[in-house]
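Residue numbers (the working numbering), protein chains in the order written: chain A, 53 to 263; chain Z, 53 to 263. Each residue gets a CB set at the ideal place from its N, CA and C atoms; glycine is no exception. First the structure, in the form of structure tokens, and then the observations on it.
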């Protein structure tokens, strides 16, 4: 997925979380206004790019006055959908799934974890962060009885296809995908963010060898 | 970091792990030759881009014959430095650090985990994957007595600066960074791969709201 539409490219969209993080810190520190130049220095991009980026999202600044931090933060939060938490299941509660459940404050990121699933009988019934791990066999019932918007896949590539088939059949179209399975290859109408940690490790290896 | 030098751009480098993964699967399945067209279909890019990419890395194909899979895989492995495992410490063995230790077959990715460190006394002495978690206070001694090439930071942003200072002082210049601390901002001579999982989650939120 390279573009959301003809106007906003993925590189611009991918900077939005960085604005969010930066503005959150400024806001926590009581900063009330910020110039595009200041934002550009924090984000290590040009001031012109900051202005262009924010124009894409509606242009919240006034020339010469800078940006109102709480207002801009609010707008960025709204763009990122943080005010409308997407109800989300995590499938696969191995080492990675467990870390994902425990490590993130999902509500602050616009997601609410409502179900944890695994095929491993030994894990079923265990509580993590007020949620009980449920057995894979109850997935369809759960999705039927609960309104679920998204799924996080923390499973190996080999088992991903059949799990995605089931989630898709139950109406899930939004995925955070830690496997290497190509979801949009089969289901082009899905919104997928792939996270390929091993590719980051390999890239570091290349840079270490060749720089 | 956007470029390794004037020739090879980061987007090209970032495709190299995908070639590696794809060629590994072909090789495991006994496939001996592959055309740029076939590679392009698997990788979802154009055949011309495949040829350009591989030319960047030395051009291993013969016109009309396609690429020799074992040979190309070997070359890609070499480029990624997989044959020269970088000795690596992981700092921070909370949920995320533990998942990182357990989840990856680092040797296959060109890294060898040789030390685990944490400040939490309760974790010190625990064994994970044949390695014992060591106390933070022994970090400098360990780095002095062992040849270490890289560090993986699985700690919050707030505590990252002082840890990076210590690792840098001990000669470490290669980092996989799960924190949001800007290592190259302070140490431009470091090779850093930042992994910002929360930004992937936020990006998914934006796409889910706006597509």
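- Task: Flag residue 139/Z as yes if its beta-carbon sits less than 8 Å from any beta-carbon of chain D, otherwise no.
- Result: The question asks about chain D, but that chain is absent: this structure's protein chains are A and Z.
- Query: For residue 139/Z versus residue 201/Z, is the C-beta spacing smaller than 8 Å?
  - Reply: In the second chain, counting from the first residue as 1, residue 139/Z sits at position 87. In the second chain, counting from the first residue as 1, residue 201/Z sits at position 149. Yes; because the gap between Cβ atoms is below 8 Å, this pair is in contact.
- Give the DSSP bridge partners of residue 139/Z, in chain order. To locate residue 139/Z, count along the second chain from 1; it is residue 87. BP columns for residue 139/Z point to 164/Z.
- Message: Please state whether the Cβ-Cβ distance between residue 228/A and residue 245/A is less than 8 Å.
- Response: What you label residue 228/A is simply residue 176 of the first chain in a count that begins at 1. What you label residue 245/A is simply residue 193 of the first chain in a count that begins at 1. Contact flag set, yes.
- State the start and end residues of the unbroken alpha helix (DSSP H) segment that holds residue 217/A. Along the first chain, read from residue 1 onward, the residue named residue 217/A stands at position 165. Taken as a continuous stretch (DSSP letters only), the alpha helix (DSSP H) holding residue 217/A covers 209-221.
- Message: I need the straight-line Cα distance from residue 159/A to residue 207/A, nearest angstrom please.
- Response: Translated into the one-based positions of the first chain, residue 159/A becomes position 107. Translated into the one-based positions of the first chain, residue 207/A becomes position 155. When rounded, the distance between both Cα atoms is 23 Å.
- Consider the Cβ of residue 250/Z: report whether some Cβ of chain A lies at a distance smaller than 8 Å. Here residue 250/Z refers to the residue found at position 198 when the second chain is read from its first residue. Interface residue, yes.
- Message: Please report the straight-line C-alpha distance between residue 152/A and residue 156/Z, rounded to a whole angstrom.
- Response: The residue you call residue 152/A lines up with position 100 of the first chain. The residue you call residue 156/Z lines up with position 104 of the second chain. Whole-angstrom Cα-Cα distance: 15 Å.
- Where residue 3/Z falls: helix, strand or coil (DSSP): With chain Z running from 53 to 263 in the structure shown, residue 3/Z is simply not present.
- C-beta atoms of residue 209/Z and residue 233/Z nearer than 8 Å: By one-based count along the second chain, residue 209/Z stands at place 157. By one-based count along the second chain, residue 233/Z stands at place 181. Less than 8 Å separates the beta-carbon of residue 209/Z from that of residue 233/Z.
- Message: Is there a C-beta anywhere in chain A that falls below 8 Å from the one on residue 126/Z?
- Response: Residue 126/Z sits at position 74 when you count from the first residue of the second chain. By this cut-off, residue 126/Z is not an interface position.
- Query: How about residue 168/Z and residue 142/Z: are their beta carbons less than 8 Å apart?
  - Reply: Residue numbering aside, residue 168/Z sits at position 116 when the second chain is read from its first letter. Residue numbering aside, residue 142/Z sits at position 90 when the second chain is read from its first letter. In contact: residue 168/Z and residue 142/Z (Cβ atoms closer than 8 Å).
- Message: Quick check on the burial criterion: 16 or more other C-beta atoms within 10 angstroms. Buried or exposed for residue 58/Z?
- Response: On the second chain, position 6 is the one that residue 58/Z refers to. With a pLDDT of 46 at residue 58/Z, under the threshold of 50, the modelled position of this residue cannot be trusted; read the value that follows with caution. Burial call: exposed.
- Message: Beta carbons nearer than 8 Å to chain A: which residues of the region 156-170 of chain Z have them?
- Response: Here the close residues are 156, 158, 161, 162, 163.
- Message: My assumption, with CB atoms under 8 Å, is that residue 204/A sits in contact with residue 175/A. Please give the rounded CB distance.
- Response: Counting from 1 along the first chain, the entry for residue 204/A is found at position 152. Counting from 1 along the first chain, the entry for residue 175/A is found at position 123. About 16 Å separates the two Cβ atoms, so there is no contact after all.
- With DSSP collapsed to three states, give me the class of residue 55/Z. Taking the second chain and counting its residues from 1, one reaches residue 55/Z at position 3. Only weak support exists for where residue 55/Z lies, its pLDDT of 41 falling under 50; the coordinates are left without a value.
- Query: How would you label residue 86/A, buried or exposed, when you count the other beta carbons within 10 angstroms and need 16 or more for buried?
  - Reply: What you label residue 86/A is simply residue 34 of the first chain in a count that begins at 1. Its Cβ being crowded by 16 or more others within 10 Å, residue 86/A is buried.
- Query: Just checking my contact of residue 137/A with residue 173/A at CB under 8 Å: how many whole Å lie between their CB atoms?
  - Reply: Here residue 137/A refers to the residue found at position 85 of the first chain. Here residue 173/A refers to the residue found at position 121 of the first chain. With 8 Å as the limit, residue 137/A and residue 173/A do not qualify as a contact, their Cβ atoms being about 30 Å apart.
- Message: Nearest by alpha-carbon distance to residue 187/Z: which of 263/Z, 197/Z, 171/Z is it?
- Response: On the second chain, position 135 is the one that residue 187/Z refers to. Checked all of 263/Z, 197/Z, 171/Z; the closest Cα to residue 187/Z is 171/Z.
- Message: Which of the three DSSP states is assigned to residue 198/A in this structure?
- Response: Within the first chain, the letter at position 146 stands for residue 198/A. Of the three classes helix, strand and coil, the one that applies to residue 198/A here is coil, per DSSP.
- Query: Applying the criterion that 16 or more other CB atoms from any shown protein chain within 10 Å of the CB defines a buried residue, is residue 257/A buried or exposed?
  - Reply: Along the first chain, read from residue 1 onward, the residue named residue 257/A stands at position 205. By the Cβ-count criterion, residue 257/A is buried, with 16 or more other Cβ atoms from all chains shown falling within 10 Å of its own Cβ.
- Message: Suppose the cutoff is 7 Å on Cβ atoms and the five residues either side in sequence are ignored; what does the same chain contact list for residue 121/Z look like?
- Response: Residue 121/Z sits at position 69 when you count from the first residue of the second chain. Taking residue 121/Z as the centre and dropping the five residues before and after it, the same chain places the C-beta of 75, 78, 79, 83, 84, 85, 86 closer than 7 Å to its C-beta, in chain order.
- Query: Between the C-alpha atoms of residue 221/A and residue 249/A, what's the straight-line distance to the nearest angstrom?
  - Reply: For the purposes of this step, residue 221/A is identified with residue 169 of the first chain, where counting begins at 1. For the purposes of this step, residue 249/A is identified with residue 197 of the first chain, where counting begins at 1. If I take the Cα positions, the gap works out to 28 Å.
- Query: Closest by CA to residue 182/A, which one among 251/A, 194/A, 166/A, 192/A?
  - Reply: As a first step, residue 182/A is located in the first chain; it is residue number 130 there, counting from the start. Nearest of 251/A, 194/A, 166/A, 192/A to residue 182/A, Cα basis: 166/A.
- Task: Give a yes or no on whether the C-beta atoms belonging to residue 125/Z and residue 162/Z are separated by under 8 Å.
- Result: Taking the first residue of the second chain as 1, we reach residue 125/Z at position 73. Taking the first residue of the second chain as 1, we reach residue 162/Z at position 110. Not in contact: residue 125/Z and residue 162/Z (Cβ atoms no closer than 8 Å).
- Task: For chain Z, find out if any of its Cβ atoms is closer than 8 Å to the Cβ of residue 235/A; answer yes or no.
- Result: Numbered from its first residue, the first chain carries residue 235/A at position 183. Output row for residue 235/A: interface = no.
- CA-CA distance, residue 226/Z and residue 247/Z? As a working note, residue 226/Z is residue 174 in the second chain. As a working note, residue 247/Z is residue 195 in the second chain. Approximately 14 Å, taken between the alpha carbons.
- Message: Using 8 Å for Cβ pairs, my map puts residue 260/Z next to residue 94/A. What's the rounded Cβ distance?
- Response: Numbered from 1 along the second chain, position 208 holds the residue referred to as residue 260/Z. Numbered from 1 along the first chain, position 42 holds the residue referred to as residue 94/A. Contact flag wrong, Cβ pair sits at about 27 Å.
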